[in-house]
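Protein chains in written order, with our numbering: chain A, 1283 to 1505; chain B, 1283 to 1505.
I have placed the structure first, in the form of structure tokens, so that the comments after it can refer back to it.
There are 2 protein chains.
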Amino acid sequence: MLNILIIDDEADMRHLIEMYLGNSGFACFSAESGFEAYGILENNVMDLIILDIMMPGEDGFEVCSRIREKSNVPIIFLSAKGEEWDKVKALQLGGDDYIVKPFSPGELVARINAVLRRTGGLKSDMDSIQIGKIAIDMKARKVSVAGKHVTLTLKEYELLLFLIEHKSQVLSREQLLEYIWGIDYTGSLRTVDTHIKTLRMKLGVGDYIQTVWGVGYKLEVPD
Amino acid sequence: MLNILIIDDEADMRHLIEMYLGNSGFACFSAESGFEAYGILENNVMDLIILDIMMPGEDGFEVCSRIREKSNVPIIFLSAKGEEWDKVKALQLGGDDYIVKPFSPGELVARINAVLRRTGGLKSDMDSIQIGKIAIDMKARKVSVAGKHVTLTLKEYELLLFLIEHKSQVLSREQLLEYIWGIDYTGSLRTVDTHIKTLRMKLGVGDYIQTVWGVGYKLEVPD
DNA sequence: TGCAGATTTCAAGATCCTTTCACATTTATC
DNA sequence: GATAAATGTGAAAGGATCTTGAAATCTGCA
Chain A
1283 MLNILIIDDE ADMRHLIEMY LGNSGFACFS AESGFEAYGI LENNVMDLII
1333 LDIMMPGEDG FEVCSRIREK SNVPIIFLSA KGEEWDKVKA LQLGGDDYIV
1383 KPFSPGELVA RINAVLRRTG GLKSDMDSIQ IGKIAIDMKA RKVSVAGKHV
1433 TLTLKEYELL LFLIEHKSQV LSREQLLEYI WGIDYTGSLR TVDTHIKTLR
1483 MKLGVGDYIQ TVWGVGYKLE VPD
Chain B
1283 MLNILIIDDE ADMRHLIEMY LGNSGFACFS AESGFEAYGI LENNVMDLII
1333 LDIMMPGEDG FEVCSRIREK SNVPIIFLSA KGEEWDKVKA LQLGGDDYIV
1383 KPFSPGELVA RINAVLRRTG GLKSDMDSIQ IGKIAIDMKA RKVSVAGKHV
1433 TLTLKEYELL LFLIEHKSQV LSREQLLEYI WGIDYTGSLR TVDTHIKTLR
1483 MKLGVGDYIQ TVWGVGYKLE VPD
């Protein structure tokens, strides 16, 4: 069970997120100010923090700085749509991602998982995944196709895992870059294509990764 | 609940729109000048702005420019019939759509929804739709008719979705082009016919898409 | 520093989608 | 019915998007 701390001055927002995350199997703590949060952090180990930027008194950026003095816990910023703030500043201060209100439960959970994976905080309770002829040993980070071991690079592995996690869903290049590469990636969209290419090659026949013209890619599981 | 800001110097028009939108479940804010609007925007997050072009003092175009300096919130321009104005200029300044006075409540709401969809501000929480024998899985972008999977191209898919969203409503070619292709589409009206043709073919028997002679098309749902 | 592997960029070519066009067909009106 | 206007249809031109191989750049490590 992973611990998540929500820091937001609005009680409604805190409860909403607690409800979302509770349903997804996270243990939630919440604080209505940085001050309250520090107390919680002294006595509990958090796996991730969701931090509202716009708060009376200490704002999210200040709270983030303070937390970073003591801890590297992943932090996801919460910003209202159109709110003026600096993405770059958020990253410099040590934020790991941000999410814009209003958001859907699914989006929130997806982002949390993505951040946890990137920062290595997600210890999947699953040891292995089997999709069609593809077998993944998560602990050993080993992938085999039809019993034959294939060597994937880091990005290929992450891409495959993300596709499998969202199997049958169409994912845009933008989404893939955001979730796998992170929000601070500024390179070309075409990068995704290249990794898709090598992944397809290494997975061999089977046509797992499909192109959805004009939209993106998806992984289809055979019946 | 989505926030919409109405900027118009005429009090009657503001109240009319507020009434329309209030009934449709939007939260309305209103300003009688750009100046007043900036104040509201500093303290509130808007999901969309309806902006009258012809206003004393700062006109709509100027206000739009100012807003665009800080925000990408979608903007719909309001113009009186016959009023001289430049559609191209509106788009260059960052407008997302325009509507000509007088308009009907339904038209206004339809345009707002279309813009929100295009700009990604509208998060439909429905993952799948079932209409007659047509089943749509939105996440997978998969469409099946009578259990049989059919492959739709991007435009066909968008067209089908829009028709379903406005089922039983007659939609003109102009409307379809504006809502699906976007306000800046400059091609032929007959393009719609071709896509209707291929859609009909792919959906097979069932006569879902009906021609309304001299007006446009509509999708009828069987009971 | 220099190397090897990983990642990213680039651009030509392939592929698929969109739009247009010309002509056939249907519908409304007189 | 005849006529004009609107719609249906097939094919082909035109565009846009994807694939791919190779080159350039980056990164971690000895």
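Even for Gly, the Cβ is constructed at its ideal location relative to N, Cα and C.
Under 7 Å Cβ to Cβ from residue i, same chain only, skipping five residues before and after it: list those, please.
i, result
"lysine 1415/A", "Val1427, Ala1428 and Gly1488"
"glutamate 1502/A", "Ser1450, Tyr1490 and Gln1492"
"valine 1397/B", "Leu1330, Pro1356, Ile1358, Asp1378 and Asp1379"
"alanine 1319/B", "Leu1287, Ile1289, Ala1313 and Val1345"
"arginine 1393/B", "Ile1358, Asp1379 and Ile1381"
"lysine 1500/B", "Ser1450, Gln1451, Val1452, Leu1453, Gln1492 and Val1494"
"threonine 1401/A", "Pro1356 and Asp1378"
"arginine 1455/B", "Leu1471, Val1474 and Gly1498"
Say the cut is 7 Å; is the CB of residue i nearer than that to a heavy atom of the ligand SAM?
i, result
"isoleucine 1478/B", "The ligand SAM is not part of the structure shown, which contains no ligands of any sort."
Looking only at its chain, what residues have a beta carbon closer than 6 Å to the beta carbon of residue i, apart from the 5 residues adjacent to it on each side?
i, result
"isoleucine 1465/A", "Asp1379"
"aspartate 1290/B", "Arg1296 and Asp1334"
"leucine 1284/B", "Phe1308 and Asp1329"
"phenylalanine 1311/A", "Leu1287 and Ile1322"
"valine 1425/A", "Ile1418, Val1432 and Leu1434"
"isoleucine 1413/A", "Ile1446 and Val1503"
"serine 1386/B", "none"
Shorter than 8 Å from the beta carbon of residue i to some beta carbon of chain A?
i, result
"alanine 1309/B", "no"
"leucine 1459/B", "no"
"arginine 1522/B", "No answer is possible for residue 1522/B: it lies beyond the span of chain B, which begins at 1283 and ends at 1505."
"leucine 1436/B", "yes"
"alanine 1422/B", "yes"
"glycine 1488/B", "no"
How big is the Cα-Cα spacing for residue i and residue j?
i, j, result
"glycine 1498/A", "leucine 1453/A", "5 Å"
"isoleucine 1299/B", "methionine 1337/B", "17 Å"
"tryptophan 1495/A", "leucine 1485/A", "21 Å"
"leucine 1445/B", "glutamate 1351/B", "36 Å"
"aspartate 1475/B", "leucine 1441/B", "11 Å"
"methionine 1301/A", "glutamate 1292/A", "14 Å"
"tyrosine 1467/A", "glycine 1377/B", "28 Å"
"glutamate 1389/B", "leucine 1375/A", "46 Å"
"arginine 1399/A", "isoleucine 1381/A", "17 Å"
"lysine 1430/A", "leucine 1459/A", "29 Å"
"glycine 1342/B", "phenylalanine 1359/B", "8 Å"
"glutamate 1340/B", "isoleucine 1349/A", "45 Å"
"histidine 1448/A", "asparagine 1326/A", "32 Å"
"isoleucine 1462/A", "serine 1353/B", "27 Å"
"isoleucine 1411/A", "serine 1361/B", "58 Å"
"threonine 1409/B", "glutamine 1457/B", "It should be pointed out that residue 1409/B corresponds to aspartate in this sequence rather than to threonine. Taking the straight line from one Cα to the other gives about 25 Å."
"leucine 1443/B", "glutamate 1324/A", "51 Å"
"aspartate 1294/B", "asparagine 1395/B", "23 Å"
"leucine 1436/B", "leucine 1436/A", "32 Å"
So, helix, strand or coil for residue i, using DSSP?
i, result
"lysine 1500/B", "strand"
"phenylalanine 1343/A", "helix"
"alanine 1428/B", "coil"
"tyrosine 1380/A", "strand"
"aspartate 1419/A", "strand"
"leucine 1284/A", "strand"
"isoleucine 1478/A", "helix"
"isoleucine 1357/A", "strand"
"aspartate 1294/B", "helix"
"phenylalanine 1317/B", "helix"
"threonine 1401/A", "coil"
"glutamine 1451/B", "coil"
"threonine 1493/B", "strand"
"leucine 1434/A", "coil"
"leucine 1333/A", "strand"
"valine 1444/A", "The question names valine, yet the displayed sequence has phenylalanine at residue 1444/A. Of the three classes helix, strand and coil, the one that applies to phenylalanine 1444/A here is helix, per DSSP."
"isoleucine 1299/A", "helix"
Could you tell me whether the Cβ of residue i comes closer than 8 Å to any Cβ of chain B?
i, result
"glycine 1464/A", "no"
"phenylalanine 1450/A", "Before going on, a small fix: residue 1450/A reads as serine here, not phenylalanine. Chain B, which has a Cβ nearer than 8 Å to the Cβ of serine 1450/A, makes this yes."
"valine 1497/A", "yes"
"valine 1474/A", "no"
"valine 1494/A", "yes"
"lysine 1500/A", "yes"
Note down, in chain order, each residue of its chain lying with its Cβ closer than 8 Å to the Cβ of residue i, except the 5 sequence neighbours on either side.
i, result
"glutamate 1344/B", "Gly1316"
"glutamine 1438/B", "Here residue 1438/B is glutamate; the residue named in the question, glutamine, does not match the sequence. Cβ within range, chain order: His1477, Thr1480, Leu1481 and Lys1484."
"valine 1391/A", "Tyr1302, Leu1303 and Ser1306"
The segment 1470-1480 of chain A contacting the segment 1418-1425 of chain A, beta-carbon criterion three pairs below 8 Å: no
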